[in-house]
Amino acid sequence: MMGFASSTHPTSFNFFRGDDWMQEPCRSCDEKEKDKGGCRCQAYLLADDMYATDPVCSKSPNHHVIEEAIASARNSALTENEKPLIFRNSKNSRLLS
Ligand code: SF4
631 MMGFASSTHP
641 TSFNFFRGDD
651 WMQEPCRSCD
661 EKEKDKGGCR
671 CQAYLLADDM
681 YATDPVCSKS
691 PNHHVIEEAI
701 ASARNSALTE
711 NEKPLIFRNS
721 KNSRLLS
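Per this note's numbering, the very first residue in the sequence shown carries number 631; after that it's consecutive.
As structure tokens, then:
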């Protein structure tokens, strides 16, 4: 039986190593060794381009997608069945259980 790794293209897991695949602004960015250009899945989902700078990055030409989503979320009221998102921390996690 073939495992996942052996059943996929052998270079798939190495495709985004290094920075040869990067576009600007990532290619010349001082941060590229830290974040590797951001998330490839997020770039594909939000910019429809797996090589694009992660739109979450403020330097991304697609960053407006994130800003628009944040503005939309801030401007929309919760419906009767929705609850506000509460980020868990050590103190409030005890209250939620
Ligand atoms: S995602 Fe943003 S911070 Fe990271 S390397 Fe690319 S341009 Fe630089």
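From the three backbone atoms N, C-alpha and C, an ideal C-beta is built for every residue, glycine too.
Between the Cα of residue i and the Cα atoms of the options, which residue gives the shortest distance?
{"i": "Phe717", "options": "Leu725, Glu710, Asn711", "result": "Leu725"}
{"i": "Phe646", "options": "Lys666, Ser723, Ser706, Thr709", "result": "Lys666"}
{"i": "Glu654", "options": "Asp678, Asp679, Ser690", "result": "Ser690"}
If you draw a straight line from the alpha carbon of residue i to that of residue j, how long is it in whole angstroms?
{"i": "Thr683", "j": "Ser642", "result": "19 Å"}
{"i": "His694", "j": "Lys713", "result": "26 Å"}
{"i": "Gly648", "j": "Asn711", "result": "46 Å"}
{"i": "Gln672", "j": "Pro685", "result": "7 Å"}
{"i": "Met652", "j": "Asn692", "result": "15 Å"}
{"i": "Asn719", "j": "Ala703", "result": "22 Å"}
{"i": "Lys721", "j": "Asn705", "result": "29 Å"}
{"i": "Asp650", "j": "Ala699", "result": "31 Å"}
{"i": "Ser658", "j": "Ala707", "result": "41 Å"}
Kindly give me the distance between the Cβ atoms of residue i and residue j, rounded to whole angstroms, as I take these residues to be in contact under 8 Å.
{"i": "Cys656", "j": "Lys662", "result": "5 Å"}
I'd like to confirm something about residue i: is its beta-carbon nearer than 7 Å to some heavy atom of the ligand SAH, or not?
{"i": "Asp684", "result": "As presented, the structure is devoid of the ligand SAH, carrying the ligand SF4 as its sole ligands."}
Minimum length 4: unbroken alpha helix (DSSP H) runs contained in the region 641–688: 662–665, 670–677
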